[in-house]
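Colleague: Residue numbers (the working numbering): 1452 to 1746.
For every residue, glycine included, the Cβ atom is placed at its ideal position computed from N, Cα and C.
What you are looking at is a predicted structure, and each value in this text was computed from that prediction instead of being measured.
Right, I'll just put the structure down here and ask away after.
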Ligand SMILES: Nc1nc2c(ncn2[C@@H]2O[C@H](COP(=O)(O)OP(=O)(O)OP(=O)(O)O)[C@@H](O)[C@H]2O)c(=O)[nH]1
Ligand SMILES: [Mg+2]
């Protein structure tokens, strides 16, 4: 790592001892510095043009992080902040920074994410945490990996139907060890049960809106991202992973940093994986694989 930092507000810069990272915690050598993950720049659409991509930002008390997150959106990307019962100023801060705010009173990551999907109007929809652990300026590279929009959602054009950001820690402490181990175990179970080869079930992801709606997702809690993967695979649609930077979140941790959150996530995921085992979620013939940064 060259030490350029990520621009993330919590990023203290590069570690003094990069070799101290666990092996798979190191960002890939060919990863472009985030400053290079260029927004659309000159190709800026007119002011009132419809969004190219709607970016769903589920939000529970992220007032501190939102200004940075919304500010990192490329031109033509619209922030849809789904306020999930925040008791801080999240909604007001989001509005003040130009985001569209949707209110979802039913608690749960999936409830918030799905409300954002239903509010989206762009052909392409992205999901990103609102805690500044991920950088929305990486989204165009992910969108570029998507297959062209299919007129018929049942069709299978070449290219990915779901692009997942594989989290790569930028500094030690971005990702607590217990969370990384749990994630690794989950990835292995997904591979065994469904055949989908993943390294991470990261929350940053992009897909076509019509495809996402066609999946008929039902989970409204922590299982939502996993159900999205399993249902995409069930249809035989291709899933691709690409490396994305993962920095320490801004604000208080709700899931991976708390015992309650971790147990809840494991419970929701296990239920879904049992559904695969019992045949309630079928395995498709999806090809999936990793895309290198810049592919
Ligand atoms: N946990 C949780 N997050 C929610 C909820 N509703 C919206 N969110 C948002 O969903 C995103 C993911 O939640 P995080 O708390 O970052 O969960 P995580 O990334 O697994 O773990 P930490 O970042 O370590 O807390 C954040 O932007 C939250 O604000 C909810 O009901 N529960
Ligand atoms: Mg987070």
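If you follow the beta strand (DSSP E) that residue 1534 is in, where does it begin and where does it stop?
Modeller: Taking the chain shown and counting its residues from 1, the one referred to as residue 1534 is at position 83. Where residue 1534 is concerned, the enclosing beta strand (DSSP E) stretches over 1528–1534.
Colleague: For the beta strand (DSSP E) containing residue 1659, name the first residue and the last one.
Modeller: Against the chain shown, residue 1659 aligns to sequence position 208. Run containing residue 1659: 1656–1659, per the beta strand (DSSP E) assignment.
Colleague: In chain order, what residues of the same chain lie with their CB nearer than 7 Å to the CB of residue 1560, ignoring the 5 residues before and after it?
Modeller: As a working note, residue 1560 is residue 109 in the chain shown. Cβ neighbours of residue 1560 beyond the five flanking positions: 1509, 1672, 1673 and 1675.
Colleague: In the DSSP assignment, what are the bridge partners of residue 1611?
Modeller: Residue numbering aside, residue 1611 sits at position 160 when the chain shown is read from its first letter. According to DSSP, residue 1611 bridges with 1597.
Colleague: Flag residue 1620 as yes when its Cβ comes closer than 8 Å to any non-hydrogen atom of ligand 2, and as no otherwise.
Modeller: Your numbering for residue 1620 matches position 169 in the chain shown. Every heavy atom of ligand 2 is 8 Å or more from the Cβ of residue 1620, so no.
Colleague: Does residue 1656 pass the burial test, meaning 16 or more other C-beta atoms within 10 Å, or should it be called exposed?
Modeller: Residue mapping note: residue 1656 aligns to position 205 of the chain shown, counting from 1. Residue 1656 is buried by the Cβ-count criterion.
Colleague: Can you find the residues in the same chain that come closer than 6 Å, C-beta to C-beta, to residue 1545, ignoring five residues on each side of it along the sequence?
Modeller: What you label residue 1545 is simply residue 94 of the chain shown in a count that begins at 1. Around residue 1545: 1517, 1532 and 1552.
Colleague: Residue 1715 by DSSP, collapsed to three states: which one?
Modeller: Residue mapping note: residue 1715 aligns to position 264 of the chain shown, counting from 1. In the structure shown, residue 1715 sits in a helix (DSSP, three-state: H, G or I).
Colleague: Would DSSP call residue 1683 helix, strand or coil?
Modeller: Here residue 1683 corresponds to residue number 232 of the chain shown, with the count starting at 1. Here residue 1683 sits in helix by DSSP.
Colleague: Please output, in chain order, the residues near ligand 2 using a CB cut-off of less than 5 Å to any non-hydrogen atom of the ligand.
Modeller: The answer, residue by residue, is 1580, 1582, 1584 and 1700.
Colleague: Looking at the structure shown, is residue 1653 part of a helix, part of a strand, or coil, going by DSSP?
Modeller: Residue mapping note: residue 1653 aligns to position 202 of the chain shown, counting from 1. It is coil, neither helix nor strand.
Colleague: Only counting the same chain, and skipping five residues up and downstream in sequence, which positions put a Cβ closer than 8 Å to that of residue 1463?
Modeller: In the chain shown, counting from the first residue as 1, residue 1463 sits at position 12. A caution first: residue 1463 carries a pLDDT of 43, below 50, which makes its placement in the model unreliable, though a value can still be read off. So the list reads 1622, once near-sequence residues are dropped.
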